[in-house]
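Student:
Protein chains: 2
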Amino acid sequence: MDFIMDDETIDDLDLNGIKVIQKKDAFRFGVDAVLLANFARIPKGANVIDFCTGTGIVPFILAGKTNASYITGIEIQESMVEMAQRSIRYNKLETRIGFISGDLRDKELLKTLPKADVVTVNPPYKLKDSGIINLDDKNAIARHEICCTLEDVIIATVKVLKDNGRMYIVHRPERLADIFCTMRKHRMEPKVIKMVYPSIGKAPNIVLIEGQKYGGQFLKWETSLYVHDEDGSYSDEINKIYGRK
Amino acid sequence: MDFIMDDETIDDLDLNGIKVIQKKDAFRFGVDAVLLANFARIPKGANVIDFCTGTGIVPFILAGKTNASYITGIEIQESMVEMAQRSIRYNKLETRIGFISGDLRDKELLKTLPKADVVTVNPPYKLKDSGIINLDDKNAIARHEICCTLEDVIIATVKVLKDNGRMYIVHRPERLADIFCTMRKHRMEPKVIKMVYPSIGKAPNIVLIEGQKYGGQFLKWETSLYVHDEDGSYSDEINKIYGRK
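Residue numbers (the working numbering), protein chains in the order written: chain A, 1 to 245; chain B, 1001 to 1245.
#1: Check this for me: beta carbons of LYS1115 of chain B and ASP1163 of chain B, under 7 Å apart or not?
#2: Could you tell me which whole beta strand (DSSP E) segments of length 3 or greater appear in the segment 1135-1208 of chain B?
#3: Using the Cβ count rule (16 or more neighbours within 10 Å means buried), how would you classify GLY1045 of chain B?
#4: Report the three-state DSSP secondary structure of GLU94 of chain A (helix, strand or coil).
#5: Look at the alpha carbon of ILE49 of chain A and the alpha carbon of THR1223 of chain B, and state the distance between them as a whole number of angstroms.
#6: For the alpha helix (DSSP H) that contains ASP1236 of chain B, what are its first and last residues?
#7: Decide if LYS191 of chain A is buried, meaning its Cβ has at least 16 other Cβ atoms within 10 Å, or exposed.
#8: Our contact map puts ILE71 of chain A next to ILE97 of chain A with C-beta atoms below 8 Å; I'd like the distance itself, whole angstroms only.
#9: What does the alpha-carbon distance come out to for the pair PHE51 of chain A and LEU1176 of chain B?
#10: Spatial neighbours of LEU225 of chain A within its chain, please: C-beta separation below 6 Å, excluding the five flanking residues on both sides.
#11: Should MET1167 of chain B be labelled buried (16 or more other beta-carbon atoms within 10 Å of its own) or exposed?
#12: Return no unless some Cβ of chain A is closer than 7 Å to the Cβ of PRO1123 of chain B.
#13: Taking the straight line between their C-alpha atoms, what separation do you get for GLU145 of chain A and ASP152 of chain A?
#14: How about PRO114 of chain A: is its C-beta nearer than 7 Å to some C-beta of chain B?
#15: Taking only the alpha-carbon atoms, compute the straight-line gap between VAL1118 of chain B and GLY1165 of chain B and give it to the nearest angstrom.
#16: Contact criterion: CB-CB distance below 7 Å. Does CYS1148 of chain B meet it with respect to chain A?
#17: Taking the straight line between their C-alpha atoms, what separation do you get for SER1101 of chain B and HIS1186 of chain B?
#18: Please report the residue range of the alpha helix (DSSP H) in which VAL58 of chain A lies.
#19: With DSSP run on the structure shown, which of helix, strand or coil describes ALA1026 of chain B?
#20: Measuring CA to CA, which of A:LEU219, A:ASP32, A:ALA37 is closest to ARG143 of chain A?
#21: Within the same chain, show all residues whose beta-carbon is closer than 6 Å to that of PHE60 of chain A, passing over the 5 residues directly before and after it, in chain order.
#22: What separation, rounded to the nearest whole angstrom, lies between the Cα atoms of VAL81 of chain A and THR120 of chain A?
#23: Does any residue of chain B have a CB that is nearer than 7 Å to the CB of GLU151 of chain A?
#24: Let me know if PRO1198 of chain B comes out buried or exposed under the rule of 16 or more other beta-carbons within 10 Å of its beta-carbon.
#25: Can you round the beta-carbon distance between GLY1064 of chain B and LEU1015 of chain B to whole angstroms, since I take them to be within the 8 Å contact cut?
#26: Kindly indicate if chain B contains any beta-carbon less than 7 Å away from that of PHE180 of chain A.
#27: Which residues share a DSSP beta bridge with ALA1116 of chain B?
#28: Buried or exposed, going by whether 16 or more other CB atoms sit within 10 Å of the CB of ASN1047 of chain B?
#29: Does the beta-carbon distance from LEU957 of chain B to ASP1178 of chain B come in below 7 Å?
#30: Run through DSSP, which three-state label would THR1012 of chain B get?
#31: Tell me which residues share the same chain as GLY1215 of chain B and place their Cβ nearer than 6 Å to its Cβ, disregarding the 5 neighbours each side in the sequence.
#32: Using a 10 Å radius around the Cβ and a threshold of 16 neighbouring Cβ atoms, would you call THR1112 of chain B buried or exposed?
#33: Whose CA, out of A:GLY54, A:ILE57, A:LEU93, A:GLY56, lies closest to the CA of SER69 of chain A?
#34: On a Cα-Cα basis, can you pick out the residue from A:GLN217, A:LEU161, A:ASN122 that is closest to PRO1173 of chain B?
#35: One question on the structure: do THR55 of chain A and ALA84 of chain A come within less than 7 Å of each other, judged by their Cβ atoms?
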């Protein structure tokens, strides 16, 4: 197999046969990215930008399940972008997905992008100073606000979105006040929220938010998602998202 | 019975025999106020202020179930305060509860109050312009931001609270971005949140929030409360709150 290296795996998304290459030992995509891609409403023909794209999981899911015209993934770690580009070639999705190695804080880079109808982002969740061991570690960069803060993400999103365009972000519930206040500060109005619980009786551990650039103030709450049923098995909603019977 | 008038009822809280007088046809206390009083953590000997107190339901529940030293209810509608004062006499709680008729926007009034350890508030939920028929209607004043906005409530709360004191507010989930952003604007940090659902599979319809004056940034999510079980009966948690077997 020419597409993958010894330290990588190639994983089936159960979605039109699309597969994504990942490192065996570095940050691998999780349920968060899958939920984000399923939460985002993508108009037909939309131009989409995915920040903090990592393996490219969100663009690949969107290519498989929506009529987005083109999806651009932006990722600061060059080695991840090189890997994601091999996933494009493997899936023959060159006409629908592109990856760019760059820093979302780079305003010159953002200016070169065509204006987006939709932005998706699965950013680092944790504050920079919360328990990092190695600043160069791929996992640390993906999980902690080392290379970009929540505010950097919102600023970049506002810059690349068309007026009234939508953003979709997945994050941790304990950051919700930060998220709402940072969004509002930059006129990215929170419009829809969906809480994700590991199971009934637990506190939520993932939050999905839709924002609208220059949107009016009204927040709609979707029904919550429970990942596991009370017997510990995956819930019907999760099985449906993962394309299982 | 000398305590109640023809257009009033006297309702048992199932809590140390405490009863509260209400109008038959005007704003009657609901599950929101009961959940708020049960959500608030009241240190022993605390001085508590309850804004938008209405019938006084929150002070009466707190007097019955906590070791608060004294609870002051503030209410703008004089007729409600007169009724709530009769509830005090009926329950012989003169040493633990007092009601004041006043406007929480009145800074001179707020200065006369002893500094509070805890503030509770069940404010009007709806924006002023959202479908009001009669501005003088008691229900309209309790439900719409006619006499005070969310920001008025937060400003008054910060004024009367001791540094690091806690506030407990019950509100509608669709206002959550407003709540968080207004709290932060006035350095009232959201610390704990609890979502309340009518039942599993529905969107949440009540939110309970603990804030701390000058508190550090970390938001803890409590397990959610479901009012009804799937068969339509009240959940165990609700029955426990209402003191039912």
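Idealized CB from N, CA, C, for every residue including glycine.
These numbers come from a predicted model, not from an experiment.
Tutor: The short version:
#1: The residue you call residue 1115 of chain B lines up with position 115 of the second sequence. The residue you call residue 1163 of chain B lines up with position 163 of the second sequence. No; because the gap between Cβ atoms is not below 7 Å, this pair is not in contact.
#2: 1161-1171, 1188-1197
#3: If you number the second sequence from 1, residue 1045 of chain B lands on position 45. GLY1045 of chain B should be labelled exposed.
#4: For the purposes of this step, residue 94 of chain A is taken as residue 94 along the first sequence, with counting starting at 1. Correct three-state label for GLU94 of chain A: coil.
#5: On the first sequence, position 49 is the one that residue 49 of chain A refers to. On the second sequence, position 223 is the one that residue 1223 of chain B refers to. So the two alpha carbons sit approximately 35 Å from each other.
#6: By 1-based counting over the second sequence, the position of residue 1236 of chain B is 236. Segment 1236-1241, the alpha helix (DSSP H) holding ASP1236 of chain B.
#7: Here residue 191 of chain A is taken as the residue at index 191 of the first sequence, counted from 1. Buried, since its Cβ has 16 or more Cβ neighbours within 10 Å.
#8: As a working note, residue 71 of chain A is residue 71 in the first sequence. As a working note, residue 97 of chain A is residue 97 in the first sequence. So it is a contact: roughly 5 Å between Cβ atoms.
#9: Against the first sequence, residue 51 of chain A aligns to sequence position 51. Against the second sequence, residue 1176 of chain B aligns to sequence position 176. Their Cα atoms are separated by approximately 26 Å.
#10: Taking the first sequence and counting its residues from 1, the one referred to as residue 225 of chain A is at position 225. Closer than 6 Å at Cβ, skipping near neighbours: VAL196, GLU237.
#11: Within the second sequence, the letter at position 167 stands for residue 1167 of chain B. Buried: at least 16 other Cβ atoms inside 10 Å.
#12: Stepping through the second sequence from its first residue, residue 1123 of chain B is reached at position 123. Judged by the 7 Å Cβ criterion, PRO1123 of chain B is not in contact with chain A.
#13: The residue you call residue 145 of chain A lines up with position 145 of the first sequence. The residue you call residue 152 of chain A lines up with position 152 of the first sequence. So the alpha carbons of these two residues sit roughly 10 Å apart.
#14: To locate residue 114 of chain A, count along the first sequence from 1; it is residue 114. Taking Cβ atoms only, chain B never reaches closer than 7 Å to PRO114 of chain A, which makes this a no.
#15: Locating residue 1118 of chain B in the second sequence gives position 118, where the first residue counts as 1. Locating residue 1165 of chain B in the second sequence gives position 165, where the first residue counts as 1. VAL1118 of chain B and GLY1165 of chain B: Cα-Cα distance of roughly 6 Å.
#16: Walking along the second sequence from the start, residue 1148 of chain B turns up at place 148. Not closer than 7 Å to any Cβ of chain A, the Cβ of CYS1148 of chain B fails to qualify, so no.
#17: Working through the second sequence from its first residue, we reach residue 1101 of chain B at position 101. Working through the second sequence from its first residue, we reach residue 1186 of chain B at position 186. Cα-Cα distance, rounded: 25 Å.
#18: The residue labelled residue 58 of chain A in the question sits at position 58 within the first sequence. VAL58 of chain A -> alpha helix (DSSP H) spans 57-65.
#19: What you label residue 1026 of chain B is simply residue 26 of the second sequence in a count that begins at 1. DSSP places ALA1026 of chain B in coil when its eight states are reduced to three.
#20: Along the first sequence, read from residue 1 onward, the residue named residue 143 of chain A stands at position 143. Nearest of A:LEU219, A:ASP32, A:ALA37 to ARG143 of chain A, Cα basis: A:ASP32.
#21: Residue numbering aside, residue 60 of chain A sits at position 60 when the first sequence is read from its first letter. So the list reads ILE18, VAL20, once near-sequence residues are dropped.
#22: For this step, residue 81 of chain A is matched to residue 81 along the first sequence. For this step, residue 120 of chain A is matched to residue 120 along the first sequence. C-alpha separation (whole angstroms): 17 Å.
#23: Numbered from 1 along the first sequence, position 151 holds the residue referred to as residue 151 of chain A. False, the Cβ-Cβ gap to chain B never drops below 7 Å.
#24: Position 198 of the second sequence, counted from the start, is the residue given in the question as residue 1198 of chain B. Exposed, by the Cβ-count rule.
#25: One-based indexing of the second sequence puts residue 1064 of chain B at position 64. One-based indexing of the second sequence puts residue 1015 of chain B at position 15. Indeed, because the Cβ distance is near 4 Å, the residues count as touching under 8 Å.
#26: Within the first sequence, numbered from 1, the residue matching residue 180 of chain A stands at position 180. Yes, contact with chain B.
#27: For the purposes of this step, residue 1116 of chain B is identified with residue 116 of the second sequence, where counting begins at 1. Its beta-bridge partners are B:LEU1161.
#28: Looking up residue 1047 of chain B in the second sequence gives position 47. Buried: at least 16 other Cβ atoms inside 10 Å.
#29: Residue 957 of chain B lies beyond the range of chain B shown here (1001 to 1245); nothing can be said about it.
#30: As a working mapping, residue 1012 of chain B is identified with position 12 in the second sequence. It should be pointed out that residue 1012 of chain B corresponds to Asp in this sequence rather than to Thr. In this structure, ASP1012 of chain B counts as strand in the three-state DSSP scheme.
#31: By 1-based counting over the second sequence, the position of residue 1215 of chain B is 215. Correct list, in chain order: GLU1189, LYS1191.
#32: Start at 1 with the first residue of the second sequence, and residue 1112 of chain B comes out as number 112. So THR1112 of chain B ends up on the exposed side.
#33: Along the first sequence, one-based indexing puts residue 69 of chain A at 69. Nearest of A:GLY54, A:ILE57, A:LEU93, A:GLY56 to SER69 of chain A, Cα basis: A:LEU93.
#34: The residue labelled residue 1173 of chain B in the question sits at position 173 within the second sequence. Taking only the C-alpha atoms, the option nearest PRO1173 of chain B is A:GLN217.
#35: For the purposes of this step, residue 55 of chain A is taken as the residue at position 55 of the first sequence. For the purposes of this step, residue 84 of chain A is taken as the residue at position 84 of the first sequence. Against a cut-off of 7 Å, the Cβ pair of ALA84 of chain A and THR55 of chain A comes out as a contact.
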